[in-house]
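Going left to right, the sequence shown walks through residues 0 to 327 as numbering that gives the first Met the number 0 numbers them.
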Amino acid sequence: MEKTYRINKDMLKEFTSIKQLGDLSEAFAKAKYVKENPFADQELGRNRTLLMIFFNSSLRTRLSTQKAAMNLGMNVIVLDVNQGAWKLETERGVIMDGDKPEHLLEAIPVMGCYCDIIGVRSFARFESKNDDYEELILNQFIKYSGKPVFSMEAATRHPLQTFADMITIEEYKKVEKPKIVMTWAPHPKALPQAVPNSFAEGINLTDYEFVITHPKGYELDPSFVGKAHVEYDQKKAFEGADFIYAKNWAAYTGDNYGKVLSMDRSWTVDSAKMALTNNAYFMHCLPVRRNMIVTDDVIESPQSIVIPEAANRVVSAQTVIKEILMSL
Ligand code: CP
0 MEKTYRINKD
10 MLKEFTSIKQ
20 LGDLSEAFAK
30 AKYVKENPFA
40 DQELGRNRTL
50 LMIFFNSSLR
60 TRLSTQKAAM
70 NLGMNVIVLD
80 VNQGAWKLET
90 ERGVIMDGDK
100 PEHLLEAIPV
110 MGCYCDIIGV
120 RSFARFESKN
130 DDYEELILNQ
140 FIKYSGKPVF
150 SMEAATRHPL
160 QTFADMITIE
170 EYKKVEKPKI
180 VMTWAPHPKA
190 LPQAVPNSFA
200 EGINLTDYEF
210 VITHPKGYEL
220 DPSFVGKAHV
230 EYDQKKAFEG
240 ADFIYAKNWA
250 AYTGDNYGKV
260 LSMDRSWTVD
270 SAKMALTNNA
280 YFMHCLPVRR
290 NMIVTDDVIE
300 SPQSIVIPEA
310 ANRVVSAQTV
320 IKEILMSL
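Following this line, the structure appears as structure tokens:
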């Protein structure tokens, strides 16, 4: 029988950061149990409703989180805020004479009336670094919904993705302390820093060797970089790596916040660079732009573990939702 301990009491009301997992080995053990016994807790979610709110598009998060909740016996409601709901004003003090007929400050507590747990996806908007890094939208859900809230990717973090990434690394690692390299790669659009921030936050909880490589100008928030070694020479960074974690992100620093500074395809992950590694596994959270981020041959190679990584999104979501259900 599984022990009924909780990962961390702070998780009871919200899950917005991988740090809230508390003891990592305990969290991995709970995830392993969930993976091996996906339907063992069907009673836990009976007559409970998960409301999933999407301010942005999704494939994996939507499907994996819904599947996780269904495995736990829950009912699920999905709301795409930009498709079919009233347009929402998010700023307080605005004279609402424009095209937004409802304010988030009414909408959030109303949503809270219809469910037991809320998952929120709300990306960085790149309009205000301060608003993004203070998690304006997510924190309003936490404050006003009256229900436990978890992040399905917010402005600064994507903890369910990071948990799935780390579960995958634990499953595939061949040495106790693998060398993990997170590399920037080119992309035509400005993408948030949530995934790289969150991944860095997670790997910094381990004692693994951790290198972040990117062109100059793409430095991440130092509080997320933590003890990682930043290496501007991508090829040097790849030497001896056990895992290559590729991701694009827009600039973070100064006036360049949210800007695309480079689309240099010499940073694309290809087989020549992978040959510098310790036969590393290739990881990416997906969706991925082929031949921008990674070449076809690398993502299709036996060392590519992007599909098992995506499959583990169910495990990470189910482990977290289960903990929240246990607190209700
Ligand atoms: N990795 C991830 O979160 O994928 P989606 O944006 O499709 O949910």
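Every residue, glycine too, gets a C-beta built ideally from N, C-alpha and C.
Predicted, not measured: the structure shown is a model, and the values here were computed from it.
Practice problem: Report back the beta-carbon spacing between residue 181 and residue 195 to the nearest angstrom; my notes put them in contact at under 8 Å. | Solution: 6 Å
Quiz prompt | Segment contact, 8 Å Cβ cut-off, at least three pairs: the region 44-54 with the region 63-82 | solution = yes
Practice problem: Locate the alpha helix (DSSP H) running through residue 73, then write down its first and last residues. | Solution: Counting along the chain, residue 73 falls outside any alpha helix (DSSP H), and DSSP gives it neither H nor E.
Self-check item: 7 Å Cβ shell around residue 176 - same chain, five flanking residues per side excluded
Solution: 206, 207, 208
Quiz item: Do three or more CB pairs link the region 316-325 to the region 279-299 at distances below 8 Å?
Solution: no
Practice problem: Pick out whichever of 92, 34, 118 has its Cα sitting closest to the Cα of residue 61. | Solution: 118
Quiz item: Under three-state DSSP, which class holds residue 66?
Solution: helix
Practice problem: Could you spell out the range, first to last residue, of the beta strand (DSSP E) harbouring residue 244? | Solution: 242-246
Self-check item: Candidates 167, 110, 32: closest to residue 146 by CA position
Solution: 110
Practice problem: Flag residue 157 as yes when its Cβ comes closer than 7 Å to any non-hydrogen atom of the ligand CP, and as no otherwise. | Solution: yes
Quiz item: Taking the DSSP output, what are the residues bridged to residue 182?
Solution: 212, 245
Quiz item: Cβ-heavy atom distance between residue 307 and the ligand CP below 7 Å?
Solution: no
Quiz item: Is the closest heavy atom of the ligand CP to the C-beta of residue 160 under 7 Å?
Solution: yes
Quiz item: Taking 7 Å as the cut-off, is the CB of residue 167 close to at least one heavy atom of the ligand CP?
Solution: no
Practice problem: Determine the direct distance from the alpha carbon of residue 224 to that of residue 2, and round the result to whole angstroms. | Solution: Below a pLDDT of 50, predicted positions are generally treated as unreliable, and residue 2, at 39, falls in that range; the measurement from the model is reported next regardless. Whole-angstrom Cα-Cα distance: 34 Å.
Quiz item: Considering only residues of the region 62-143, which uninterrupted beta strand (DSSP E) runs meet the minimum length of 3 residues and lie entirely inside it, listed in chain order?
Solution: 74-79, 116-120
Quiz item: Going straight from the alpha carbon of residue 203 to that of residue 211, what length do you get?
Solution: 11 Å
Quiz item: Can you check whether the CB of residue 69 is closer than 8 Å to the CB of residue 48?
Solution: no
Quiz item: So is residue 38 buried or exposed if we call it buried at 16+ other beta carbons inside 10 Å?
Solution: exposed
Exercise. Please say whether residue 16 and residue 185 have beta carbons closer to each other than 8 Å?
Key: no
Practice problem: Keeping to the same chain, check which residues put their C-beta closer than 7 Å to that of residue 197; ignore five residues upstream and five downstream. | Solution: 17, 156, 157, 158, 160, 161
Quiz item: Relative to the alpha-carbon of residue 200, which residue among 226, 217, 131 has its alpha-carbon at the smallest distance?
Solution: 226
Practice problem: Kindly examine the ligand CP and report whether one of its heavy atoms sits closer than 7 Å to the Cβ of residue 137. | Solution: no
Practice problem: Let me know the secondary structure DSSP gives residue 327 once reduced to three states. | Solution: coil
Quiz item: For residue 125, which of 246, 251, 269, 33 has the nearest alpha-carbon?
Solution: 251
Quiz item: Is the distance from the Cβ of residue 248 to the Cβ of residue 214 below 8 Å?
Solution: no
Exercise. Starting from residue 282, follow its DSSP beta bridges and name the residues at the other end.
Key: 244
Self-check item: Through-space distance from residue 308 to residue 4, alpha-carbon basis
Solution: With a pLDDT of only 42 at residue 4, under 50, the local geometry of the prediction cannot be trusted, and the value read off the model is given with reservation. Answer to the nearest angstrom: the Cα atoms are 26 Å apart.
Quiz item: Do you know offhand how far residue 234's Cα is from residue 95's?
Solution: 53 Å
Self-check item: Terminal residues of the alpha helix (DSSP H) in which residue 170 lies
Solution: 158-171
Quiz item: Is any heavy atom of the ligand CP found at a distance shorter than 7 Å from the C-beta of residue 49?
Solution: no
Exercise. Could you pull out every unbroken alpha helix (DSSP H) segment of at least 4 residues lying fully inside the region 266-325, listed in chain order?
Key: 270-273, 295-298
Quiz item: For the ligand CP, any of its heavy atoms closer than 7 Å to the Cβ of residue 15?
Solution: no
Quiz item: Comparing the CB of residue 191 with every heavy atom of the ligand CP, is any distance shorter than 7 Å?
Solution: no
Practice problem: Return the bridge partner residues of residue 230 from the DSSP annotation. | Solution: 212
Quiz item: How would you call residue 114, buried or exposed, if buried means at least 16 neighbouring beta carbons within 10 angstroms?
Solution: buried
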